[in-house]
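J.: Protein chains in written order, with the numbering used here: chain R, 11 to 377; chain F, 853 to 1048; chain B, 44 to 639.
The beta-carbon is built from N, C-alpha and C at its ideal position, and this holds for glycine as well.
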Amino acid sequence: MREKETTLYLGPQHPGITGNMMVKLKVAGDTIVKAETHVGYLHRAFEKLMENRTWTQCFPIVCRICVPEPDPNEENLARAIEEIEGREVPERAKYIRVMVLELARLASYQLWMGGQSGSMGLYTMPQWTVGDRDYILDLFEELTGGRIYHMYIWAGGVRRDLPDGLKGRVLNVLKYLENRLPDYDKLMFQNAMFRKRAEGVGIIPKEKAIEWGVVGSPLRGCGIKHDVRIDEPYEVYDKLEFEVPTHEGNDIWSRAMVRRQEIEQSISIIRQVLDKMPEGEYYNKIPNPLNWTIPAGDAFVKTESVRGEFGYYVVSDGSDKPRRVHVRGPAYVHGVTVLEEILKGANISDVSFIMNSLGTCPPEIER
Amino acid sequence: MLDKDCNENKCAEQIKKTFQTAEVEVKREKRVTVQLRSDLIPPFLSFAKEFMEFKHLSHMSCVDWVEDNELELVFILWNYEQQVQIIAKTRIERVNAQFVSVKKFWNQAETYEREFHEMYGVNFVGNDRLGEFILEDWEGVPPMLRDFDSIKYSKETFYQRPGREDAQNVRATIAKHSGEEVPGFAKDYTIRNIED
Amino acid sequence: MAFDLKGILTPFAALSQGTKPPHTVKYPAEQKETAHRYRGMHHNDLEECIGCGTCSTICQNGAIDMIHIDGYETNNGDSGLRPRVDNGRCCWCALCVDVCPTGSLNLTSDYIYVTEDPDSFLWTPGVDNAKDGKEKLSWQSSEGKRLLDYERVPMKELEGTERVKSFAEVVLGYTEDEARKEADRCIACGICTDICPVHMHIPEYINAIARGEDDDAVRIIYDNNPLGEMCGKVCTRRCETTCAINHKGDPVAIRWLKEYVTARVKNADVIKEILNPDIAEPNGHSVGIIGAGPSGLTAAYYLALKGFDVTIYESKAHAGGMIMYGIPKYRLPLDSIDKQVDYMLSIGVKIKYNTKVGTDITFNELKEKHEAIMIGIGFEVPYPIGLTGEDAKGSIQAVNFLYNINSGINVDIGDKVAVIGGGNVAIDAARVSKRMGAEVTILYRRRVEDMPADWEEIEGAEHENVIIHPQAIPLEVISDENGKVTGVKYANAEMIADDKGGRPRPKIIEGDEHILPLTTLIGAIGQEADYSFIPDDIKEQIEISRGRIVVDENQATALPWLFATGDIANRQADAISAIADGYRAVKSIEKLLLKK
């Protein structure tokens, strides 16, 4: 006998993920028949706001699009402007940028581990990871003056040079985080419960992954080796050595395995950056910010965020304000069409779990 | 300088051969820009996806060129094998903007189309999910159009907390103090608003 | 999946964490020490702040208002306004700090601010944290690269050794690219306009240049200054000393930008074409102006535009007054003056040359012909140096010397020249003498930094190997049996602090006397006016005090139809003040005759 269908509303207040959104679920028993993403709780019209602001004024805005990992936004906007304008960035600034991006990835992995475990009821993990993330935020505070919103990367380079002794403190934090990995492994990655919940759940069919627009660790969790840092190296990624981990399985488990290995890669990348970072200028000054105009043109640039390919499409009409800044976060695809597809047939209790594994971040969907 | 036989140039050649009216430009390494007539976009996307291995729809965008009375639709494709990005653009009429849905090529295009329908007023024929997406009970001009004045809207819609009326304009304060009379034609060059 | 015993047991390893010290902050909570560049609440050094409002302009949240606060008034170099932050809108991005041209605005380490009153989120940095804000500075503009451009685009000049060979213009002028780049540095606060005697629309014309709209820049300049090109070359440019950028960097080259945009206009016809002036129909009123100096020309130009019948009476063969005869041609070439004057003639200004009032035409005749008279005759009569032997042959006055040179009259100065004085006239005389092949020494009573001349002029003289001898007090002019100057006796002086708090005074060092051998001695210690052309009955009705005609703020004398402008009416003794006087006189005359 077919079970009677009923409608469930998951969210909109933090439905097991960072950010507010709602998933409207048609369920039969506890199996999902149909899922629909509803957003609109976090729309702040950043893109419209930027059209009324000068290029320099856009920089403090974009970081707000993503709390866990704001820096790809800043870096993307800066690089898009630099590409349209043809502005050179000093080598040292590029290294500093990569350091910031990778530190942001580490911080974001911490939040993901907390979120992924939290959404299956393993609440010790978020306690740990949020605490450990604070050590990274301390570094950000020292480098950029802000803990969450750094407003640090801007067109032409970065705003301030490294403070004295920061390198040593970064290395200490890396060492600490590295030593914590076995603890995380024991509690989360080797946990039989986690494995049982994660394996075979949230399957993205491998042959559909690229066509569906899946990017980042979900794509690599399908055994497909693509990473913007390798495919189209930006800043100084082409001068650094790192692995792009992949895992076969297409499920939450394989995504988790990929991310777990990526943490080690990020730590290694930051160490290389600190080692290779040259002395010199960190900022190629823009003209007077009150008059600064960018030649007409457009550019689409992207970075590899923890959640995957993060892109900015920026159009200039030659004036002092952008004609269009259009943000493409991975969640725009992961959190709507992909999520709706793979929730079909899933269990209600797995919805937040799956959303976390995809890196669903509603502010990227509605901005 | 790019090699003559590089992937970018090969892509450009292939597009030119198939779509003779297309304006193709290799902007730099890994970057190809294509301008197309709007009715050629669907065949182009299909061609790029199926025959040129541009399997990944990186992004879709919409830009309002209000002075030309046109909207520009932008499709950004990525070829994972050759590592080339195509930015394909087309212009459509701004009033009663209409375009054919491309969700048959990439399902995720549906989300972009829902957004452009709501924010720019473009009707995508073949997309059955157009309607309320991000906004709620919105009745005015689609808000991402350039003629929607967000500052005016904000002033009319939200309560302006009193207490800031004593703000002064620096340029005007100095002009008043010195007795300078700035003529109207010069005010076009006052970076900071002199009256307000 | 097989039964995973290990996977069930390992998570219990987490229990071992229970024995480790916690990572959290201690309890009871202690406030965390912030990093040294933490971005907390603002602090503004109210004394350093000049109220330029750039913080408010760059704020992308619209969180900063410029407001009046008690104790700060609008005056030269300070708008009198101070920023107030709406902490309900601020996002602490610190763009305001990085853009602050004086460095007065910084962020502190304070980040806790709790209140139930939403109105108290309006917060004036430096007032609301006057007590301890300064001790807590955290994110500071001094640490990083500032957003503004602090370095001026250098002006190319002829080499010193090259300059002394001729009277060619020393300053080569900005190229178009250089001008755009320099103009782009302006932050358009407008602080500079207050100190400019004319209150030219400086931010506007500079921005027009930055945007590449040079013709519009010319239009804006001519709105209240018809001698923009002259000012571009020789103005005393007080605007630059109050420029907001001047606090931490080089001021915007306002004068050179004006020079660039006006000098590129080839001739009077092109000026007219660009300005396309709207000349009023003749209104039947007639105004007479004595002296075609900067004030007379300015008044005549704007009066003519307004339909008045204007005639200037000029005693010399050329218009321009001191800018024609007092300023050497390497600073202000003749064709530049001609261009500006020709344009004025083309819109209806009449100039009667070689017509000295009092000699060629009487003052009373003028009074008959015109309804209003404006006097702008300048200071042309030099003060004697006041030394014994001053009458000797070869002891001359700088203004006369410059007049002769600028009129093309040859002056034999020999090969050893001393100039007495420290003003621009002294430097001009010295540099001209240098160009005539002489070895030149300037004797000045006080220190070099006390010299009233522009520093650029002093530097120019030094580059041309003029010897500047400061703290030298001339005592006597020495001449031979033919009454020809052979030297000057002078004493070295030391500087004595003034008990009354004035600037230090020079005091002769007893016995430290020297003789400088000379062929020519040039005096340049000041000038006065010659009022002998004014009839006594009129002199009685107006007031002349300390060599100047007393006027009110509208340039009017005690006689309603008589106005005075320029050096004889103000103490600034520069061309731009004379232009300002002329501009003001136009308004007064208009009011008087048109009863406006």
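What are the start and end residues of each continuous beta strand (DSSP E) run of 3 or more residues lying completely inside the stretch 182-217 of chain R, in chain order?
T.: Correct list: empty.
J.: Taking a Cβ distance cut-off of 7 Å, strictly less, list which residues of the stretch 206-227 of chain R are near chain F, in chain order.
T.: Listed by position, the residues of the stretch 206-227 of chain R near chain F (Cβ gap below 7 Å) are Ile220, Glu221, Trp222, Gly223.
J.: Using a Cβ-Cβ distance under 7 Å, would Tyr1011 of chain F count as near chain B?
T.: On the second sequence, position 159 is the one that residue 1011 of chain F refers to. No, because no Cβ of chain B sits closer than 7 Å to the Cβ of Tyr1011 of chain F.
J.: Kindly list the residues whose CB is nearer than 7 Å to the CB of Pro894 of chain F, restricted to its own chain and excluding five residues on each side of it in sequence; keep chain order.
T.: In the second sequence, residue 894 of chain F corresponds to position 42, counting from 1. Excluding positions up to five away in sequence, the list reads Val952, Val954.
J.: To the nearest angstrom, how far is the alpha carbon of Tyr345 of chain B from that of Ile234 of chain B?
T.: Walking along the third sequence from the start, residue 345 of chain B turns up at place 302. Walking along the third sequence from the start, residue 234 of chain B turns up at place 191. Straight-line Cα distance between these residues: approximately 26 Å.
J.: CB-CB under 6 Å to Asp1048 of chain F, same chain, minus the five flanking residues each way: which ones, in chain order?
T.: One-based indexing of the second sequence puts residue 1048 of chain F at position 196. Model confidence at Asp1048 of chain F stands at a pLDDT of 38, short of 50, so the residue's coordinates are unreliable and nothing is read from them.
J.: Rank F:Glu991, F:Leu909, F:Lys1007, F:Glu922 by C-alpha distance to the C-alpha of Glu319 of chain R and give the top, closest one.
T.: Within the first sequence, residue 319 of chain R is the residue found at index 309, counting from 1. The option with the nearest alpha carbon to Glu319 of chain R is F:Leu909.
J.: Could you tell me the distance, in whole angstroms, from the CA atom of Pro371 of chain B to the CA atom of Ser181 of chain B?
T.: To locate residue 371 of chain B, count along the third sequence from 1; it is residue 328. To locate residue 181 of chain B, count along the third sequence from 1; it is residue 138. Going by the C-alpha atoms only, they are around 53 Å apart.
J.: Could you list which residues in chain B have their beta carbon closer than 8 Å to that of Pro332 of chain R, in chain order?
T.: One-based indexing of the first sequence puts residue 332 of chain R at position 322. Going along chain B, no residue has its Cβ under 8 Å from Pro332 of chain R, so there is no contact; the nearest lies around 13 Å.
J.: May I ask you to report which of helix, strand or coil DSSP gives Val43 of chain R?
T.: Indexing the first sequence from 1 puts residue 43 of chain R at position 33. Note: Val43 of chain R maps to strand in three-state DSSP.
J.: So, does the CB of His969 of chain F fall closer than 7 Å to a CB anywhere in chain C?
T.: Included in the structure are the protein chains R, F and B, with no chain C among them.
J.: Does Lys58 of chain R come within less than 7 Å of chain F when only Cβ atoms are used?
T.: To locate residue 58 of chain R, count along the first sequence from 1; it is residue 48. At least one chain F Cβ lies under 7 Å of Lys58 of chain R.
J.: Taking the alpha-carbon positions, what's the Lys1049 of chain F to Leu150 of chain B distance?
T.: Not covered by the structure: residue 1049 of chain F. The range shown for chain F is 853 to 1048.
J.: Is there a Cβ of chain F sitting closer than 7 Å to that of Val180 of chain R, yes or no?
T.: Counted from its first residue, the first sequence places residue 180 of chain R at position 170. No, Val180 of chain R lies away from the interface with chain F (no Cβ there is under 7 Å from its Cβ).
J.: For Phe985 of chain F, return the contacting residues in chain B, with the cut-off set at a CB-CB distance below 8 Å.
T.: Taking the second sequence and counting its residues from 1, the one referred to as residue 985 of chain F is at position 133. Chain B residues near Phe985 of chain F: none, gap ~27 Å exceeds 8 Å.
J.: Per DSSP, what kind of secondary structure is Leu909 of chain F in: helix, strand or coil?
T.: Position 57 of the second sequence holds residue 909 of chain F. In the structure shown, Leu909 of chain F sits in a strand (DSSP, three-state: E or B).
J.: Closer than 6 Å by C-beta to Tyr323 of chain R: which residues in its own chain qualify, once you throw out the five before and the five after it? Chain order, please.
T.: Against the first sequence, residue 323 of chain R aligns to sequence position 313. Result list for Tyr323 of chain R: Phe310, His336, in chain order.
J.: Use the C-beta contact count for His557 of chain B: other C-beta atoms within 10 angstroms, 16 or more gives buried, fewer gives exposed.
T.: Here residue 557 of chain B refers to the residue found at position 514 of the third sequence. So His557 of chain B ends up on the exposed side.
J.: What does the alpha-carbon distance come out to for the pair Leu111 of chain R and Asn294 of chain R?
T.: Taking the first sequence and counting its residues from 1, one reaches residue 111 of chain R at position 101. Taking the first sequence and counting its residues from 1, one reaches residue 294 of chain R at position 284. Answer to the nearest angstrom: the Cα atoms are 19 Å apart.
J.: Using the C-alpha atoms, what's the distance from Ser438 of chain B back to Val353 of chain B?
T.: Walking along the third sequence from the start, residue 353 of chain B turns up at place 310. Walking along the third sequence from the start, residue 438 of chain B turns up at place 395. Rounded to whole angstroms, Val353 of chain B to Ser438 of chain B spans 40 Å at the Cα level.
J.: Using the three-state DSSP reduction, which class does Leu20 of chain R fall into: helix, strand or coil?
T.: In the first sequence, the residue the question calls residue 20 of chain R occupies position 10. Three-state DSSP puts Leu20 of chain R in a strand.
J.: Using a Cβ-Cβ cutoff of less than 8 Å, which residues in the same chain neighbour His79 of chain B once the five nearest sequence positions on both sides are dropped?
T.: Translated into the one-based positions of the third sequence, residue 79 of chain B becomes position 36. Result list for His79 of chain B: Ser181, in chain order.
J.: Please report how far the alpha carbon of Ile485 of chain B lies from the alpha carbon of Glu316 of chain B, in whole angstroms.
T.: For the purposes of this step, residue 485 of chain B is taken as residue 442 along the third sequence, with counting starting at 1. For the purposes of this step, residue 316 of chain B is taken as residue 273 along the third sequence, with counting starting at 1. Those two C-alpha atoms are separated by around 46 Å.
J.: Counting contacts by CB-CB distance shorter than 7 Å, is Leu348 of chain B in contact with chain F?
T.: Locating residue 348 of chain B in the third sequence gives position 305, where the first residue counts as 1. False, the Cβ-Cβ gap to chain F never drops below 7 Å.
J.: Leaving out five residues before and five after Asp645 of chain B in sequence, what residues of the same chain have Cβ atoms less than 7 Å from its Cβ?
T.: Since the first residue shown for chain B is 44 and the last is 639, residue 645 of chain B is missing from the structure and cannot be characterised.
J.: Between Cys139 of chain B and Ile101 of chain B, which are expected to be in contact by the criterion C-beta below 8 Å, what is the C-beta distance as a whole number of angstroms?
T.: The count along the third sequence starts at 1 and reaches residue 139 of chain B at position 96. The count along the third sequence starts at 1 and reaches residue 101 of chain B at position 58. The pair is a contact, with the Cβ atoms about 6 Å apart (cut-off 8 Å).
J.: Helix, strand or coil for Asp261 of chain R per DSSP?
T.: Here the question's residue 261 of chain R lines up with position 251 in the first sequence. In this structure, Asp261 of chain R counts as coil in the three-state DSSP scheme.
J.: Using beta-carbon positions only, say whether Cys282 of chain B and Cys232 of chain B come within less than 7 Å of one another.
T.: Along the third sequence, one-based indexing puts residue 282 of chain B at 239. Along the third sequence, one-based indexing puts residue 232 of chain B at 189. Cβ distance not < 7 Å, so Cys282 of chain B and Cys232 of chain B don't count as in contact.
J.: Thinking C-alpha only, which one of R:Gly259, R:Tyr247, R:Met198 is nearest Glu217 of chain R?
T.: If you number the first sequence from 1, residue 217 of chain R lands on position 207. Out of R:Gly259, R:Tyr247, R:Met198, R:Gly259 has the C-alpha closest to the C-alpha of Glu217 of chain R.
J.: Hey, does Gly169 of chain B have any beta-carbon neighbour from chain F nearer than 7 Å?
T.: Indexing the third sequence from 1 puts residue 169 of chain B at position 126. Output row for Gly169 of chain B: interface = no.
J.: I'd like to check one pair, Ile333 of chain B with Ile420 of chain B: are the Cβ atoms closer than 7 Å?
T.: Taking the third sequence and counting its residues from 1, one reaches residue 420 of chain B at position 377. Taking the third sequence and counting its residues from 1, one reaches residue 333 of chain B at position 290. Contact flag set, yes.
J.: Pull up the distance between the alpha-carbon of Leu377 of chain B and that of Asn449 of chain B, whole angstroms please.
T.: Along the third sequence, one-based indexing puts residue 377 of chain B at 334. Along the third sequence, one-based indexing puts residue 449 of chain B at 406. C-alpha separation (whole angstroms): 9 Å.
J.: In the DSSP output, which residue or residues are listed as bridge partners for Asp916 of chain F?
T.: Against the second sequence, residue 916 of chain F aligns to sequence position 64. Per DSSP, F:Leu923.
J.: Using the rule of at least 16 other Cβ atoms within 10 Å of the residue's Cβ for burial, across every protein chain shown, is Tyr247 of chain R buried or exposed?
T.: Residue numbering aside, residue 247 of chain R sits at position 237 when the first sequence is read from its first letter. Label assigned to Tyr247 of chain R: buried.
J.: Do Glu314 of chain R and Leu238 of chain R have their beta-carbon atoms positioned less than 7 Å apart in this structure?
T.: Position 228 of the first sequence holds residue 238 of chain R. Position 304 of the first sequence holds residue 314 of chain R. The amino acid at residue 238 of chain R is misidentified as Leu; the sequence shows Val. In this structure, Glu314 of chain R lies closer than 7 Å to Val238 of chain R by Cβ.
J.: Listing by chain order, which chain B residues have their CB less than 9 Å from the CB of Glu1008 of chain F?
T.: Counting from 1 along the second sequence, the entry for residue 1008 of chain F is found at position 156. Within 9 Å Cβ-Cβ: nothing; Glu1008 of chain F doesn't reach chain B, min ~16 Å.
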